[in-house]
Structure formats: structure tokens, C-alpha cells
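What follows is one structure encoded as C-alpha cells, with my remarks underneath.
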Amino acid sequence: MPENSYHCKPGLFMVEPGQLFVRELHVNELTAGTINSFLSTASECVIGVSATYGSKRTLSAIAISTRSVVLVIRISSKGNRNTHNINLLRARILCNAKLKKLSFDAERVACGLLNDHKLHISHLVDVQSLTAAETRWSNAALLKALGHESGDDREKILEVFNGEDKANNELRRAALRSWATWRVVTLPNWSNTIKIQTGIIDTKKLEAEVLASLGSLVRNLDRLRAMKPTKVKNDISQKFTTKKGDVNMELTRFKTRARFSENQRIVVHAPRHDNETSTIRARLQKVNGRQIVVALQQKIPSSAKQINMYTFGREDPTSAEQERTEVVLQVLQRTQKFFSLALARAIFLEGNTDALIPHNPLTSNDIVSPACNQDRPLNPSQMQAVKRILSPLLQHFVVVVQGPPGTGKTTVIASTVKSLMGGMTESNRSVWLIAQSNVAVKNIAEKLASTDFWDFKLLVSKDFHFDWHEHLYHRIESNIIRSDEFADQLVGTDRLLAGSRVILCTLSMFSHPRLSPSGFTSLVPVETVIIDEASQIEIGDYVPVISKFGKTIRKLVFIGDDKQLPPYGQEEVKELRSIFEVKRFRKNIVFLDTQYRMPVPIGQFLSRQMYHGRLKSVHKITDKSCCRLVDVPRGKESLAGSSFKNVEEAAAVIRIAKHMHKTKKCYRIITPYDGQRGLIEDLLKRERLPWEDKCFCVDSFQGNEEDHIIISIVRSEKVGFLNNRRRSNVMLSRCKKSMVICTSRQFLTGKAADTLLGALEKRLGPDAWTDVRELVSESE
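Per our numbering: the sequence shown = residues 17 to 796.
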């Protein structure tokens with residue numbers, strides 16, 4: 017028997033053949049004899065294909081299987097590879113026209129082979145595409161595709177297909193996956209599988225630039241999904257009740273809420289009086305806002321005075337992620353002409369120089385004049401942005417606006433909407449206002465209301481709104497349509513819209529399964545689309561929108577600031593880009609050049625440091641005392657799970673917050689670390705201070721502002737977060753009147769001296785430093 021080979025019985029299904037022969041080898045060990053021997057067992061001219069992926073989701077090995085033999089071929093991405101052997105693999109297996117290949121997640125296999133090893137594949141069939149399942153990612157869909165029956169080992173099947181790769185068993189799991197995939201053709205419902213001629217992937221038949229783009233879309237999404245946690249502690253109240261094995265409890269934090277998922281499991285930990293902990297498997301029975309009911313497999317010990325709840329396993333792909341993958345797969349299968357759309361080619365094909373012309377361009381009949389702003393006249397840069405957005409010229413089909421902090425991005429949006437809707441007839445445009453976060457969408461809605469424009473509707477998911485964030489929407493409650501209120505027919509949707517032709521929602525809402533079927537996009541055509549927070553959105557997230565509405569969009573506007581938060585995960589996945597990194601759009605960016613939020617010293621500092629001095633400041637506060645640095649010399653950073661906290665800094669923050677509350681100042685607290693946010697929130701509760709919507713992590717506070725901002729830096733040993741100038745820019749640009757920064761003077765003037773915050777300390781000078789007692793007494 018060759019080295020690194022073995023016989024095994026899969027043990028997945030009740031009915032299986034005898035022993036399976038598995039051979040693991042490097043591609044350099046591959047020979048014509050090995051391939052001939054393997055192909056001699058492929059009597060149906062069908063093989064199952066699976067792959068393994070490295071830490072950066074690069075394809076590291078491919079497993080191919082017949083009824084009785086599996087070859088697991090390791091393919092190095094670096095080092096010397098035998099060209100002859102690579103050609104053998106390509107010609108005899110991957111591009112063999114007589115050999116049909118079946119694979120789950122075929123888009124990952126095809127793009128991985130091409131991206132990482134320049135290997136094409138033909139006659140590849142995606143198994144999930146052949147099922148009628150509503151979603152390809154659920155365990156139910158997987159088991160259905162594999163012909164799962166009651167006697168099969170369900171848990172082992174799921175472990176083979178969904179388990180996290182581990183160095184000691186990933187190749188064995190790949191072997192079993194490829195064999196289980198091959199086995200699909202033996203199922204009664206799959207008798208015609210080998211005759212399928214449509215939806216077959218052949219990468220040789222697609223443009224190289226298209227393939228490169230598809231590869232990036234697949235790889236980036238794959239790496240982002242791999243970054244999602246596999247264990248989350250669900251924040252719950254300790255006031256819980258039990259009844260007949262069910263536990264009724266209350267969730268206390270939206271970010272760590274429990275959700276129904278086939279791919280996750282819940283475990284309850286109950287500390288006992290003997291210092292041991294009972295670990296109890298649980299099943300989510302009901303979710304209603306904060307209130308949940310879980311069924312336990314065993315009782316909570318009577319001695320347990322508290323419980324902790326954890327969710328294990330990665331959360332399910334979002335609807336938007338599923339749509340994105342479906343589009344990529346359909347392009348590979350050549351059943352979707354995504355790249356025939358002008359927007360798709362302009363955004364995703366870097367070398368494309370085609371004229372960017374919409375399918376249904378605006379004409380001279382669509383000319384609109386900017387409406388007057390009642391609060392404050394638009395400044396010249398804001399006026400330029402509004403005129404560009406309203407322009408019917410072809411060169412202004414796509415508009416990109418850069419708005420630094422406080423420069424009135426929402427003012428530009430509101431003025432544009434009022435201009436478009438003023439005196440319009442039914443034949444004129446409709447507007448969709450989109451942002452990445454619910455909070456940003458809410459901010460736009462409030463801005464519209466503040467200009468006395470109320471003829472809009474805001475679509476929000478029940479999960480976000482009900483029992484969690486209803487208080488955020490009090491002012492605009494009558495304009496909200498919640499996802500559980502979506503009608504099933506046009507008549508019902510028309511009643512909900514009440515004639516509004518301006519709709520606000522998050523980008524993910526565009527992929528809500530009931531959005532288009534309910535008639536929203538037919539009653540309010542997706543023609544003018546304005547996207548806020550565009551610098552935070554990875555361009556791959558636009559795939560669903562462009563795929564569905566690329567032919568109807570007549571004006572596409574991106575508004576954001578690439579000096580603030582980047583797309584999530586960009587620090588780890590450097591290839592992620594926002595629209596601001598797409599070269600063809602950078603040369604015509606409209607820059608909003610005047611900020612009104614921050615006191616002049618802070619605005620001027622950020623202008624020099626982040627915007628090459630182009631950002632002007634208009635504000636009545638001009639004294640440097642608007643920013644104070646509070647020295648917390650005893651503060652030490654410490655781990656808080658996967659985050660950090662600083663107990664002494666938190667205590668200093670609470671003392672300042674207590675004083676601001678007493679003097680009736682409007683304040684918010686922000687910090688870079690979730691561990692510190694949780695600690696400060698707990699201390700606010702303990703001190704009976706307002707705590708809801710009072711303390712935030714930096715990333716969740718972009719787009720927000722407050723009169724007075726208290727910042728807790730946390731770090732005392734390593735620079736950490738402060739190395740990121742874009743995030744630091746967000747942190748330092750939230751205040752309207754004053755900012756207090758709690759940190760260690762020794763740390764900031766030492767290890768952190770070269771950061772943006774260190775530069776601010778130098779600019780403010782030694783007089784900016786104080787301690788908590790002095791700061792409080794000064795303002796009394």
C-alpha cells in the first residue's frame with residue numbers, strides 16, 4: 017500500500033459500499049498510472065469533488081472520489097511544482113470533457129483553483145443548484161441533497177461538511193466530503209444528474225477579468241465569514257423563570273442576542289454551590305424582542321443562583337450574502353449576465369474603460385433645480401454636490417461625494433430629496449436612500465423631518481426595531497414600515513406607502529426575501545439610489561442591488577468619507593475596497609469642505625492631519641480648552657475576553673459622567689473596546705446614572721454626535737486601536753462643544769506619541785492635561 021494511504025468505512029449513511037480506499041499525495045507525486053487507476057473506477061464518468069482551504073481561505077488541497085477510491089491531492093501555492101504533474105491534473109481530471117464533476121459550493125472550488133493555482137475546471141456541477149431548497153446554506157438543504165434518511169448519522173454528516181478545519185483531520189474530512197458528494201448520483205431522485213447540460217461551470221469560457229473579479233468576490237466573502245465568532249456569550253438578565261423544563265429569560269444586548277439557526281447550538285452554564293458548573297444543552301423555542309424561551313435537556317440545579325448562555329457555531333449567512341453567492345455562481349454557470357450591466361463592469365472590472373451609460377438615462381426633461389434650504393443656505397461645496405446629483409448629464413450617472421465629519425452629508429441628501437420631490441408629477445423620479453447601518457438610515461430620516469419633509473417611508477426589520485430600538489424612532493414612528501408588516505399583495509403595499517415615493521432602508525434590506533415580492537420596488541421603482549456610509553461598504557455588498565436593479569437605476573450616488581471607518585474586516589483582509597478605492601471614480605469626487613460640528617481647534621487639527629488642510633471649520637468655539645486630557649496614571653489595560661478593559665479609566669469616566677449629569681450637560685461616552693464599553697455600562701447602572709444609549713464603541717458611533725464627548729482610550733501598554741488613523745479620526749470628531757479624553761499621560765507621550773491622538777496631545781500642549789478632581793472642580 018502506498019505511503020499516506022488507508023482504507024476506511026465512511027460511516028455516514030445507513031447503506032454504504034464496503035471499504036473506501038483513500039490516498040493522500042502531493043501533486044508532484046501524481047503520475048499517469050495513479051490517474052489511470054483512479055479513472056478505471058469511475059464507471060459512471062462522474063466524480064465527487066471537495067477542497068480544503070488555508071487560514072487565508074486559499075485552496076490547499078483537492079479531493080476527488082469515485083465509488084471506491086478517493087485521491088486527496090495537496091497543491092502548494094508556493095515553492096516548486098512539477099509542471100508536468102500540474103498538466104496531468106488539468107488535462108486528465110479538471111478539464112476532462114468526458115468526466116462530470118459534482119461539488120457542493122462549486123463557486124469556491126472553481127475560483128480557488130483558478131485564483132490560487134491558475135487551474136481551470138470544466139464540466140463542474142454545483143449540487144445545491146440542483147435542489148429546490150429555499151436556501152443552499154441550511155443543514156436541512158444539505159441533508160436533503162445528500163438523501164439523508166433516519167438511519168444515517170446526521171451529526172457525523174454535519175461535522176464532515178460544516179466542522180471547522182483542523183490540521184489533523186481536514187484532509188480526511190475532504191475525502192469523506194468528496195465521496196458523499198459522488199454518492200449523490202446513486203440516489204433515486206438524481207438518476208438524471210449525469211445527463212445535465214445546463215448550469216455547468218467551465219471557467220475556460222469566461223473572460224479572465226471576470227474570473228478575477230468573481231474570485232475576489234468569493235474569497236473576500238469567505239474570509240469575512242471565517243472572521244465571524246464561533247462562540248458568543250449571550251448577555252442575559254439574571255431574572256429568569258423556569259417552567260416544565262423551559263426557561264424564560266431576557267436578553268440585555270442586541271449585538272449578542274439569540275437567533276434561530278440550524279447551524280448553531282445553545283449551551284447554558286449554571287454554576288453550582290460545589291464550585292462546579294453544570295453544562296446544559298438547550299434549544300431556542302421562542303424569540304420575541306428581548307424575551308426568549310429556551311428548552312433545556314436537563315434541569316438547572318436548585319443551588320444555581322445565576323446562569324450564563326452561550327451560542328456556539330457561526331451565524332447563518334445573511335440574505336445579502338446568499339444573494340451575492342448566487343449571483344457569482346450563476347455567472348460561473350453562464351445563466352446570469354451580471355457583467356453585461358454597465359454598473360457591474362464599472363465597479364468590478366478594474367480595467368474596464370467603457371463609457372458608463374445607464375440603460376434608461378435621464379434626459380433634459382429630468383432637469384431639477386436645487387431647493388432652498390430653510391435652516392442654512394448650502395455652502396458652495398454642498399451646492400456643487402446637490403447639483404451634480406440632480407444633473408441629467410451622462411457623465412454624472414454615478415456621483416461620489418466625500419464628506420468629512422460635520423460637513424453636512426445628510427444636509428446634502430435632504431436637499432437633494434426635497435429638490436427631486438418638489439412639485440413632482442407621478443411620472444417623475446422616486447428615490448431610495450440607503451445606508452449600511454440602521455442608525456445612519458434613522459439619521460437621514462430625522463434630517464428629512466427637520467426640514468419639514470415628511471413624505472417618506474422607512475423600512476426597518478422587526479428584529480432591530482421591536483423591543484430593542486423603538487426609542488430611536490419616536491420622532492418618525494408614523495413613517496416606519498416594519499418588516500413583519502410587509503403586505504403580500506400590491507394593494508396592501510400601496511396602502512402602506514400612502515403615496516410616498518421616497519424610501520429609506522439599509523443595504524441588507526434590499527435582500528429581504530419579502531421586499532420585491534411585496535411590491536415595494538414596483539410601486540417605487542429603484543431609479544435614483546443614494547447610498548450613505550459608502551466608505552464603510554465593501555463593493556461586493558453591491559452585487560445583489562446591481563444584479564436586481566442595474567437596468568432600472570438612472571442615478572447612483574455614493575456619499576461617505578474614506579478617512580473614517582473602512583469596510584468591516586479591511587485590517588485583516590487588505591483586498592477589501594469601498595467605492596472610494598475604485599480608481600475610475602476617484603478623479604471626480606465632490607469634496608465637502610466646511611465642517612460645522614467641532615470646535616475650531618479640533619476641526620483645524622483634523623483638517624491638517626487627515627484632509628491635507630482642505631477642511632475649513634465654522635464654529636463659535638475657538639479656544640483650545642474645548643479639549644481636555646485626563647491623566648489616569650494608575651490605569652492598566654487588561655484582557656476582557658477577546659477585548660480589553662481598564663478599570664481605573666472606567667472609574668474616571670464615571671466620575672466625569674456623574675458631574676456632567678449633575679450639571680445637566682448632554683454627553684455620550686465612547687471607547688475603542690467592547691470590554692470597556694460593557695464595564696462602563698455596568699458602572700453607570702450601579703451609580704444609577706442613565707445608561708441606555710449612553711456608552712458606545714467607536715465603530716458603532718460613526719455618524720453620531722453629542723455636545724460633550726467622554727473618551728476612554730483603555731490601552732496603557734500597546735498602541736492597539738490607536739494605530740488606525742481612520743478609526744481615531746472618527747473617535748476624535750464626535751463632539752459639538754467639548755471633548756474629554758481619559759488616558760495615561762506616560763503612555764500617550766511615550767508609546768502612543770506617533771499616533772493621531774499623540775499628535776493632538778502635542779498640538780494642545782501641556783496645559784491640556786488635568787486630573788479628574790481638577791477637571792470636575794474647574795467646571796463647578
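Virtual Cβ for every residue (Gly too), placed ideally from N, Cα, C.
- In this structure the stretch 228-238 does not touch the stretch 150-162; the number of beta carbon pairs closer than 8 Å is below three.
- Inter-residue distance for Thr-771 and Leu-622 is about 13 Å (C-alpha atoms, whole angstroms).
- Straight across, the Cα-Cα distance linking Cys-642 with Val-616 is about 9 Å.
- The residue among Lys-590, Ser-56, Phe-29 and Phe-601 with its C-alpha nearest the C-alpha of Ala-550 is Phe-601.
- Nearest in C-alpha terms to Ala-190, of all of Val-735, Lys-302, Val-38 and Leu-409, is Val-38.
- Excluding sequence positions up to five before and after Ser-229, its CB lies within less than 7 Å of the CB of Phe-364 and Leu-365, all in the same chain and listed in chain order.
- Here Asn-662 is actually not in contact with Gln-620; their C-beta atoms are around 30 Å apart, not less than 8 Å.
- For the options Glu-721, Leu-791, Glu-165 and Gly-585, the alpha carbon positioned closest to that of Cys-682 is the one of Glu-721.
- Residue pairing of Cys-127 in beta bridges, as defined by DSSP: absent, with no partner found.
- Listed as beta-bridge partners of Val-414 by DSSP are Leu-572.
- For Arg-299, the CB contacts under 6 Å within the same chain, skipping 5 residues up- and downstream, are Ala-311 in chain order.
- A distance of 8 Å or more separates the beta carbons of Ile-91 and Ile-109.
- In this structure, Glu-123 lies away from Leu-357, with their beta-carbon atoms at least 8 Å apart.
- Residue pairing from DSSP leaves Phe-601 without any beta-bridge partner.
- Beyond the five residues adjoining it in sequence on each side, Lys-315 comes within less than 6 Å, by CB distance, of no other residue in the same chain.
- For secondary structure counted as the beta strand (DSSP E) over 3 or more consecutive residues, the stretch 744-779 holds these complete runs in sequence order: 751-759.
- Around Ala-430, the same chain offers Lys-463, Leu-464 and Thr-467 as residues with beta carbons nearer than 6 Å, after the five sequence neighbours per side are excluded.
- In the three-state reduction of the DSSP assignment, Met-30 falls in the coil class, being assigned neither a helical nor a strand state.
- Only residues of its own chain outside the window of five on either side were considered, and among them Val-344 and Gly-556 have a CB closer than 6 Å to the CB of Leu-233, listed in chain order.
- Around the beta carbon of Pro-333, 16 or more other beta carbons lie within 10 angstroms, which makes this residue buried.
- Here Asp-577 really is in contact with Gly-419; their C-beta atoms are around 6 Å apart, less than 8 Å.
- Straight-line spacing of the CA atoms in Phe-256 and Ile-173 works out to 36 Å.
- Excluding its 5 nearest sequence neighbours in each direction, His-528 has C-beta neighbours in its own chain below 7 Å: Ser-335 and Ser-499, listed in chain order.
- Taking Tyr-627 as the centre and dropping the five residues before and after it, the same chain places the C-beta of Pro-420 and Lys-579 closer than 7 Å to its C-beta, in chain order.
- DSSP lists Tyr-683 and Ser-754 as the bridge partner or partners of His-724.
- Per DSSP, the unbroken alpha helix (DSSP H) holding Phe-364 starts and ends at 358-364.
- In this structure, Val-284 sits away from Ile-308, with a CB-CB distance that is not shorter than 8 Å.
- Ranked by Cα distance from Thr-197, the options Val-573, Thr-759, Phe-717 and Val-141 are led by Val-141.
- Taking C-beta atoms as the reference points, Arg-106 and His-136 count as a pair closer than 8 Å.
- As the crow flies, the alpha-carbon of Gly-585 is around 18 Å from that of Lys-247.
- Apart from sequence neighbours up to five positions away, the residues of its chain that approach Thr-765 with a beta-carbon distance below 7 Å are Glu-777, ordered along the chain.
- Annotation: the continuous beta strand (DSSP E) that includes Gln-301 extends over 293-304.
- With fewer than 16 other beta carbons inside 10 angstroms of its own, Cys-61 counts as exposed.
- Sequence-distant Cβ neighbours of Arg-731 in its own chain, meaning closer than 6 Å and more than five residues away, are Glu-653.
- In the structure shown, the three-state DSSP call for Phe-469 is coil.
- DSSP places Trp-198 in the uninterrupted alpha helix (DSSP H) bounded by 186-199.
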